[in-house]
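Here's the structure we're looking at; comments come further down.
Residue numbers (the numbering used here): 182 to 568.
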C-alpha cells in the first residue's frame, strides 16, 4: 500500500477558497487511479508561495514526513509547494532524505531537473509579478488615486469605470475623522505632547484608527518612514508613492520595510483630500524638528534582567522605562487609560524578585516553585506596588 499526502495552497493574489478544494479533488482522482491511499491532506489558504516559513501546514507536512507517515507528497504543481528557489530545493532535499517522493499533476515525478528549471521559472514569475504590481500602483498614483491602505480621515469611494470594473484607490474626506485630525494638529502645535493628546482622546472615548485606545506613537509616527499622523502628507493634499520598499526576510518570512532615496519618490497633488492648511502643517513640522536631533539608537535604554516580563498589576500593560532606571505603566504614560502612576526602580525590582525566588526555593514547599512562571511572580510584585 502506497501512502500519499495531498498538499494544496492558494496565494493572497488569488483569493478563491474553492481553489483549495479543486486542487485536492484533482489530486484525489490521480491517487485513486494509481491506487494510492490518501493518509492526510494539508492546505495553506491565502498565503504567498514566496516562503515556507510562515505556512503552518507545509511545516506540519515536513514534520509528518520525517516520522514516516507517507511515501509520496502529491500536489497540483511544484509552485504550490513554493515559488522560492531555495525553498523548493530545500523541500526536495528534506523530503528525499525522509524517503518521500514529490509527485505533481503538472510535472509528474519531480527530480533535480524539475527543481532547477521550475524553481528558476517560479522565481522569475515572482519578480515579474512584483514589477507589474508596482507599475499598476504607480499608474494609479499619477491619476490621483491612492495606491496604499486607507488613512485615518478618509473613506473609500466605490465607483465603476466604463467597463463596469471597480475603480481602485478612490478616496474622499470623512469629516468626523477629519475633525479629529485637525484637533491633533492644533493641540500639538499649541505645545501639547503626543501623550497628552492621546490621553485626551481616550478619555473622551474617541476610537483610534484601529478601534482601540490611542497611543503616542500613533500620533508621533516615525521621521525616517514619514509615518504617523503628524507626518502624513495626504493631510496637505499630497500623495507620495515609492517612499519605502518591502523586502521579505529570508530568515523569518516577514516583510521588512526599507526607505527609498527621495529622488525616487512620486508626489502627486490631490487638493480634494486636503485636511490641514499649510500654516498649521508648518507649525507642527517646526515643532517636530526640535525633537529630531538625537539619534534613535542613543535613546534606547539598555535591557535589564526582567525586560519584557514586568506587567502592571492594575491593567496588565507592560512596565517600561520612564526615565533613568525607573519603570512605570506604559498604558498610564502613553495612553492615559490606566490610573496606576506608581513607579519602581530597576534595582529595587530585581532585588525584590530575586529575594522572593530565594525564599521560595528555600521554603519547604519550594518544590512547586520552579513550575510557576516568572511573569506571574513579577505581576504579583508590581500589583503590590499599585495597591
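Where is the CB? At the ideal position from N, CA and C, for every residue including glycine.
Should residue i be labelled buried (16 or more other beta-carbon atoms within 10 Å of its own) or exposed?
{"i": "residue 527", "result": "buried"}
{"i": "residue 263", "result": "buried"}
{"i": "residue 547", "result": "Below a pLDDT of 50, predicted positions are generally treated as unreliable, and residue 547, at 46, falls in that range; the measurement from the model is reported next regardless. Classification for residue 547: exposed."}
{"i": "residue 566", "result": "Because residue 566 carries a pLDDT of 49, less than 50, the predicted location of this residue cannot be relied on, and no value is offered for it."}
{"i": "residue 453", "result": "exposed"}
{"i": "residue 291", "result": "buried"}
{"i": "residue 314", "result": "exposed"}
{"i": "residue 158", "result": "Residue 158 lies beyond the range of the chain shown here (182 to 568); nothing can be said about it."}
{"i": "residue 204", "result": "buried"}
{"i": "residue 183", "result": "exposed"}
{"i": "residue 257", "result": "buried"}
{"i": "residue 228", "result": "buried"}
{"i": "residue 225", "result": "buried"}
{"i": "residue 437", "result": "exposed"}
{"i": "residue 366", "result": "buried"}
{"i": "residue 472", "result": "exposed"}
{"i": "residue 544", "result": "exposed"}
{"i": "residue 308", "result": "exposed"}
{"i": "residue 269", "result": "buried"}
{"i": "residue 260", "result": "buried"}
{"i": "residue 318", "result": "buried"}
{"i": "residue 505", "result": "exposed"}
{"i": "residue 535", "result": "exposed"}
{"i": "residue 323", "result": "exposed"}
{"i": "residue 189", "result": "buried"}
{"i": "residue 467", "result": "exposed"}
{"i": "residue 357", "result": "exposed"}
{"i": "residue 515", "result": "buried"}
{"i": "residue 254", "result": "buried"}
Say the cut is 8 Å; is the CB of residue i nearer than that to a heavy atom of the ligand MN?
{"i": "residue 312", "result": "In terms of ligand content, the structure shown is empty, and the ligand MN therefore cannot be addressed."}
Can you give me the start and stop residues for the beta strand (DSSP E) that residue i sits inside?
{"i": "residue 447", "result": "447 to 450"}
{"i": "residue 254", "result": "253 to 256"}
{"i": "residue 353", "result": "352 to 354"}
{"i": "residue 376", "result": "It is not in any beta strand (DSSP E) - residue 376 instead sits in the alpha helix (DSSP H) that spans 375 to 384."}
{"i": "residue 136", "result": "Coverage of the chain is limited to positions 182 through 568, which leaves residue 136 absent and any answer about it impossible."}
Could you round the C-beta distance between residue i and residue j to whole angstroms and report it? I think they count as a contact, below 8 Å.
{"i": "residue 416", "j": "residue 457", "result": "4 Å"}
{"i": "residue 351", "j": "residue 337", "result": "7 Å"}
{"i": "residue 439", "j": "residue 424", "result": "Their Cβ separation, rounded to whole angstroms, is 10 Å, which puts residue 439 and residue 424 out of contact at 8 Å."}
{"i": "residue 207", "j": "residue 286", "result": "6 Å"}
{"i": "residue 349", "j": "residue 333", "result": "That pair is no contact at about 19 Å."}
{"i": "residue 281", "j": "residue 246", "result": "5 Å"}
{"i": "residue 222", "j": "residue 185", "result": "Their Cβ separation, rounded to whole angstroms, is 10 Å, which puts residue 222 and residue 185 out of contact at 8 Å."}
{"i": "residue 569", "j": "residue 517", "result": "Given a span of 182 to 568 for the chain in the structure shown, any question on residue 569 remains unanswerable."}
Report the partner residues of residue i according to the DSSP bridge assignment.
{"i": "residue 426", "result": "439"}
{"i": "residue 225", "result": "190"}
{"i": "residue 504", "result": "507"}
{"i": "residue 403", "result": "408"}
{"i": "residue 291", "result": "Paired residue(s): none; residue 291 is not in a bridge."}
{"i": "residue 284", "result": "255, 290"}
{"i": "residue 362", "result": "According to DSSP, residue 362 bridges with nothing at all."}
{"i": "residue 455", "result": "Residue 455 pairs with nothing; no bridge assigned."}
{"i": "residue 134", "result": "Because residue 134 is not part of the residues shown, which for the chain are 182 to 568, the question remains open."}
{"i": "residue 184", "result": "218"}
{"i": "residue 211", "result": "Beta-bridge pairing links residue 211 to no other residue."}
{"i": "residue 347", "result": "341"}
{"i": "residue 420", "result": "449"}
{"i": "residue 499", "result": "492"}
Alpha helix (DSSP H) containing residue i: first to last residue?
{"i": "residue 467", "result": "459 to 470"}
{"i": "residue 270", "result": "266 to 278"}
{"i": "residue 239", "result": "237 to 247"}
{"i": "residue 527", "result": "527 to 543"}
Is the shortest distance between the beta-carbon of residue i and the beta-carbons of chain D less than 9 Å?
{"i": "residue 248", "result": "Any reference to chain D falls outside this structure, which holds one protein chain only."}
Touch check for the region 337 to 344 and the region 292 to 310: three-plus C-beta pairs under 8 Å? Taking a cut-off of 8 Å for Cβ pairs, the region 337 to 344 and the region 292 to 310 do not touch, as fewer than three such pairs fall below it.
Answer yes if the region 302 to 314 comes into contact with the region 276 to 288, meaning at least three C-beta pairs across the two stretches below 8 Å, and no otherwise. A contact is defined here as three or more CB-CB pairs under 8 Å, and the region 276 to 288 fails this definition with respect to the region 302 to 314.
Examine the Cβ distances between the region 489 to 499 and the region 394 to 401 and report whether three or more of them are shorter than 8 Å. With the cut-off at 8 Å, the region 489 to 499 and the region 394 to 401 do not touch.
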